[in-house]
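Asks:
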Amino acid sequence: MDFFLQQLFNGLAVGGIYALVALGYTMVYGVMKLMNFAHGELFTMGAFLGLTLLGVFSFTEVLGPFGGIFVLILMVMGMVAIMGVLLERVAYRPLRNSPRLSAIVSALGASIFLQNAIMLMYGARFQVYPHGLLPNTPVSLFGVDIPLLRILLFLVSVFMMAGLYFFVQRTRIGTAIRAAAIDQDAARLMGINVDRVIQIVFIIGPALGAAAGVMVGIYYGQINFTMGWIFGLKAFTAAIIGGIGNIPGAMLGGLLLGVLETMGAAYISTAWKDAIAFGVLILILLVRPRGILGERVADKL
Amino acid sequence: MNKNAFIISVLLAFFACFPVLFSNPYWIGVLNDIWLYAILGLSLNWIVGHTGLFNLGHAAYYAVGAYTAAILSTRYNIPILWLLPVAGAAAGLFALAVARPIIHLRGDYLAIVTIGVGEIVRIALENDIFGLTGGSNGIFGIPRPEIFDMRIRRPWQFYYLIGGFLLITIWFFYRLEQSRFGRALNYIKEDETAAEGSGINTAWYKLAAFVIGAVWAGMAGTLFAAKMTIISPGSFNFWESVLIFAIVILGGAGSIPGVILGAFLLVGLPEFFRNFADARMLFFGAAMVLMMIFRNKGLLPPLARKYAGVPRVKGGDA
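Read top to bottom, the protein sequences are chains A and B. The numbering of the first sequence is our numbering, which starts it at 530 and goes up by one. The numbering of the second sequence is our numbering, which starts it at -4 and goes up by one.
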């Protein structure tokens, strides 16, 4: 039972990260019906920028562990949000009215470009995050010892998701995003500036992804230029599990995938961990292609 | 048309004499790679270019073919060229089993599932599934192919073997394009609803196209195993799938000369820029984005179809 609870918390912590990245995919998909392959690379970029900033300025020593990491994450989020907007401007906006095939290929190209740009800038080897940025004392919860870091990770992602949910449900901009996701043309007729909405989506999504990137760096301690690919793929899987285009769905899907994968690794086999995630993806698409909370997917009129 | 026939004859003659004119094993080896990727590109072209199915996991079928050939030839000493149809059938059956339930999925969903399938296959190979695949070390000691008691081991010999198979591939897909089957696929790609309305069983045709592409990739896998004599899961990762996909898209989806040009550019060109080898994928990525913005049908897009008695309409195949 202890083992199970520990794995559960582990899964929730990882799932929170998947959920944060999945939100970027699902929001872009919701508004543009485009699978933004390059999102995973923005996540990697967040992790590497965090490392660079930590090298320039020792945030945690000056501002204390929590304040320091908070400021660091905010700065990285801002920088990656700018990159997200640039990405949309360069690689996606010219293809707004092209066939979907072209947009997907462009997204794939942007992903390959960014991944290799990161490799050329930072090198192909694993980079190590400084140790002990945050206190990592075990906390006793439900009778098991859980590392504080894991709990923090989970809480931060839940906090961000709650913030996003509030933003999308309760603000005017959020309403515009939801309207554009339902029907772009109708939204435009209602006086919504869809270009602005898309820009905002490309600010929020990459910012959340970047935060996840820094969190992964702190949590796992090492980062690599290819990590965005596997994380991105799993996050996209999470978005599909929850129902693509659906914001609470992405959160649910992320947490679910994190737990499933951790349990699979713990009780079945670590070597098959990644295969489990994709197996779940295929299963979901076979049994319930629209995901748990999502819209209809099958290609029919 | 005569001009085209002339260009094709000159190219054929040039490449037929290439190993005689330039006996440089390095460049012959590069051309062997180009031929192999052209075969793979043409097989994926049938799926992506003609049917419009987004397959980003083509390396999986290539891997199934290569491993089938490698396992059977090392364990049972079957001459590897005899295994071409067996490996093709294995890849085809695998594709049938995988694609049957997912073939109806919309573009990007299909893309992500095929990526997932590709990854599952690679992970399975790495984990030494059924104790047959040798884990991450792969399989080594694959016997060299033999034709009429001639053992094929030198680059120029492979040049003619793989080049010959490429010619068969070109002929096969050219004939298939002209067939009723090819026309049906074109219709599905252009307008699936209208195709279905005209009585085309779209699900069946899509599945058949997918399986044919996979069979051909499996046979290419056999040639790869025979050429390398050692195969490992690393050769069949996601980037392999992306490379094949990029060859098709950048060269010109749906166009045989386009795909061959794509193979030349994406496999051959990097050999001239070895100093920038690290930046190769960077250029690929940028090229894919720019190509989609400025020339989204690829470098050599397919010509409009011509039917007897009907004048060709400019841009009619758009």
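By construction, the Cβ of each residue, glycine as well, lies at the ideal position given by its N, Cα and C atoms. The model shown is predicted, which means the values in this text are computed figures rather than measured ones.
Of all the CB atoms in chain A, is at least one closer than 8 Å to the CB of residue 291 (chain B)?
Replies: Yes, its Cβ sits closer than 8 Å to a Cβ of chain A.
Asks: Could you tell me whether any Cβ in chain A is nearer than 8 Å to the Cβ of residue 100 (chain B)?
Replies: yes
Asks: Helix or strand or just coil, what does DSSP make of residue 667 (chain A)?
Replies: strand
Asks: For the region 112 to 131 of chain B and the region 52 to 60 of chain B, state whether three or more C-beta atom pairs, one from each stretch, are separated by less than 8 Å.
Replies: A contact exists between the region 112 to 131 of chain B and the region 52 to 60 of chain B.
Asks: Would you say residue 277 (chain B) lies against chain A (beta-carbon separation less than 8 Å)?
Replies: yes
Asks: 8 Å is my cut-off, CB to CB: does residue 803 (chain A) come that close to chain B?
Replies: yes
Asks: Name the chain A residues that come within less than 8 Å of residue 114 (chain B), Cβ to Cβ?
Replies: 762, 803, 804 and 807
Asks: Residue 143 (chain B) bridges to which residues according to DSSP?
Replies: Partner(s): none; residue 143 (chain B) has no beta bridge.
Asks: Leaving out five residues on either side along the sequence, give the residues of the same chain with a beta carbon under 8 Å from the beta carbon of residue 828 (chain A).
Replies: Because the pLDDT of residue 828 (chain A) is 41, which lies under 50, any placement of that residue in the model is unreliable, and the number read from its coordinates should be weighed accordingly. Within the same chain, residue 828 (chain A) has no close Cβ partners at all.
Asks: Step through the CB atoms of chain A and report whether any lies within less than 8 Å of the CB of residue 205 (chain B).
Replies: No, its Cβ sits nowhere closer than 8 Å to a Cβ of chain A.
Asks: So which residues of chain B does residue 811 (chain A) contact, with C-beta pairs closer than 9 Å?
Replies: 93, 96, 97, 108, 111, 112 and 115
Asks: Is the beta carbon of residue 82 (chain B) less than 8 Å from the beta carbon of residue 232 (chain B)?
Replies: Their beta carbons are not under 8 Å apart, which means residue 82 (chain B) does not touch residue 232 (chain B) by this criterion.
Asks: Between residue 639 (chain A) and chain B, is the shortest Cβ-Cβ distance under 8 Å, so that the two count as touching?
Replies: yes
Asks: List the residues that DSSP assigns as beta-bridge partners of residue 676 (chain A).
Replies: A:667
Asks: To test your reading of the DSSP string, which unbroken alpha helix (DSSP H) runs of 4 or more residues are found completely within the region 79 to 164 of chain B?
Replies: 102 to 121
Asks: Is residue 565 (chain A) close to chain B, meaning its C-beta is less than 8 Å from at least one C-beta of that chain?
Replies: no
Asks: On a Cα-Cα basis, can you pick out the residue from B:37, B:249 and B:64 that is closest to residue 223 (chain B)?
Replies: B:64
Asks: Taking DSSP's pairing of strands, which residues face residue 657 (chain A) in a bridge?
Replies: In the DSSP assignment, residue 657 (chain A) is bridged to A:751.
Asks: Indicate whether at least one CB of chain A lies closer than 8 Å to the CB of residue 186 (chain B).
Replies: no
Asks: May I ask you to report which of helix, strand or coil DSSP gives residue 225 (chain B)?
Replies: strand
Asks: Apart from the five residues just before and just after residue 705 (chain A), which ones in its own chain have a Cβ nearer than 6 Å to its Cβ?
Replies: 721 and 726
Asks: Taking 8 Å as the cut-off, decide whether the C-beta atoms of residue 773 (chain A) and residue 614 (chain A) are in contact.
Replies: No; because the gap between Cβ atoms is not below 8 Å, this pair is not in contact.
Asks: Counting Cβ pairs closer than 8 Å, one from the region 4 to 21 of chain B and one from the region 182 to 201 of chain B, do we hit at least three?
Replies: no
Asks: Got a sec? Which residues, its chain only, sit under 6 Å from residue 102 (chain B) by beta carbon, not counting five neighbours each side?
Replies: 49
Asks: Is the distance from the Cβ of residue 293 (chain B) to the Cβ of residue 245 (chain B) below 8 Å?
Replies: yes
Asks: So is residue 620 (chain A) in contact with chain B if we call contact Cβ pairs under 8 Å?
Replies: True, the Cβ-Cβ gap to chain B drops below 8 Å.
Asks: Could you check the C-alpha separation between residue 180 (chain B) and residue 30 (chain B) for me, to the nearest Å?
Replies: 26 Å
Asks: Based on Cα-Cα distance, which residue from A:798, A:636 and A:702 lies nearest to residue 563 (chain A)?
Replies: A:636
Asks: Rounded to whole angstroms, what is the Cα-Cα separation between residue 812 (chain A) and residue 708 (chain A)?
Replies: 31 Å
Asks: Between A:623, A:670 and A:607, which lies nearest to residue 534 (chain A) when the distance is taken from Cα to Cα?
Replies: A:670
Asks: Contact criterion: CB-CB distance below 8 Å. Does residue 634 (chain A) meet it with respect to chain B?
Replies: Yes, contact with chain B.
Asks: Which chain A residues are close to residue 122 (chain B), counting only those with a beta carbon under 9 Å from its beta carbon?
Replies: 798, 800, 801 and 804
Asks: Less than 8 Å between CB atoms is the rule here; does residue 735 (chain A) satisfy it with respect to chain B?
Replies: no
Asks: Run through chain B and tell me which residues come within less than 9 Å of residue 645 (chain A), C-beta to C-beta.
Replies: 273, 274, 275, 276, 277, 278, 279 and 280
Asks: Indicate whether at least one CB of chain A lies closer than 8 Å to the CB of residue 311 (chain B).
Replies: In this predicted model, residue 311 (chain B) has a pLDDT of only 47, less than 50, meaning its place in the structure is not dependable; the value taken from the coordinates is given anyway. Cβ-Cβ to chain A under 8 Å: no for residue 311 (chain B).
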